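Sequential numbering of the sequence shown, starting at 130, is according to the working numbering. Take a look at the structure set out below.
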Amino acid sequence: YKALYDMSPPEAINYVWFDAGTRFSQGDIGMFFWWTPYFYLVKNNGYMTGEAASIIDSYDVGLLPAAEGEAPLTSLGGWSLGIPTSTNKKDAGWDFVKWATSAATQKKMGQIPDYNYQFSDFARQSLYEDAELREIYPYLDVQLELVHQGNGKISRPPAPIYTSLEGVYGLNLNQALSGSATPEQSLEATNTLFTNLLTGNFLLPYNLESYDDTLENTRALLQDLAG
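Here it is in structure tokens:
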């Protein structure tokens, strides 16, 4: 990781999440790894400016390589729509969720030309195979393959204190990169702080209810919710 930083712009140590993509759009970075929204965000010269980047017609996306003999595995994240238990408009909320995630609605979102077309994170597999959308977003086959590489287990920690854990991890990575701590010291500090946070929030040891989250059970739940 530190060797990769040595090949990056020195200011990269202070980047927030969207800086990596906007920097890549300047045309002098050979490669970067980020999440799928940057398949389209890098088309702008700056974050959501609508001004076409110099690389708009000269970049491509691809799958990450994997070690020989190892199956590629992708970490999955996503957007969520929820209905509060306290609302008296649950039916209206459910109607909205179905509308917002429908193929018809999401195709319209993908066809909006504002900011050089800025939505291709579709919730429906059929949209990744749609000829009109593939003309706008030629990388959809790669993006769909990335989704299929996920197993639902490699993901951000589904815990309320995720942002606290992320802050600890980011700080200690930065200290290792800047040389203010050795990698070993950063790992030790991260382990200590993670243990304290997880223990203090009753997540370690984990004594709460667990759920049988197999793919088959998830499909059955989705089918039941969809009616």
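Where a beta carbon is used, it is the ideal one built from N, C-alpha and C, also for glycine. This one's a predicted model, so the numbers in the text were calculated from it and none came from an experiment.
Item to check | Test item: CB-CB of K236 and D270 under 8 Å | outcome: no
Checklist entry - Could you give the distance in angstroms between the alpha-carbon of I241 and the alpha-carbon of G207? => result 21 Å
Item to check | Contact belief for Y244 with G191 at Cβ below 8 Å, rounded distance in angstroms | outcome: That pair is no contact at about 24 Å.
Item to check | Those residues which DSSP pairs with S284 across a bridge | outcome: L205
Item to check | Reduced DSSP secondary structure (H/G/I, E/B, other) of A181 | outcome: strand
Next on the checklist: I'd like the list of long-range same chain contacts for I184, defined as Cβ closer than 7 Å, with 5 residues on each side in sequence excluded.
Outcome noted: S154, G156, V171
Checklist entry - Would DSSP call N330 helix, strand or coil? => result coil
Checklist entry - Short check: CB of L202 to CB of I283, under 8 Å? => result yes
Item to check | Closest by C-alpha distance to I265, when choosing among A288, A182, Q247, F331 | outcome: Q247
Checklist entry - If we ignore side chains and look at the alpha-carbon of each, how far apart do T165 and E274 end up? => result 12 Å
Checklist entry - Whole alpha helix (DSSP H) runs in the segment 245-317 with 4 or more residues, listed along the chain? => result 254-257, 260-265, 269-278, 291-307
Checklist entry - In terms of alpha-carbon separation, which member of L326, G281, Y335, G299 lies closest to S102? => result Since the displayed the chain opens at 130 and closes at 356, residue 102 lies outside it and no answer follows.
Checklist entry - What number of angstroms, rounded off, separates the C-alpha of K227 from the C-alpha of Y291? => result 28 Å
Item to check | Paired residues, beta bridge with N173 - DSSP | outcome: A181
Item to check | Start-to-end residues for the alpha helix (DSSP H) that takes in W146 | outcome: Premise fails: W146 is in no alpha helix (DSSP H) and is neither H nor E.
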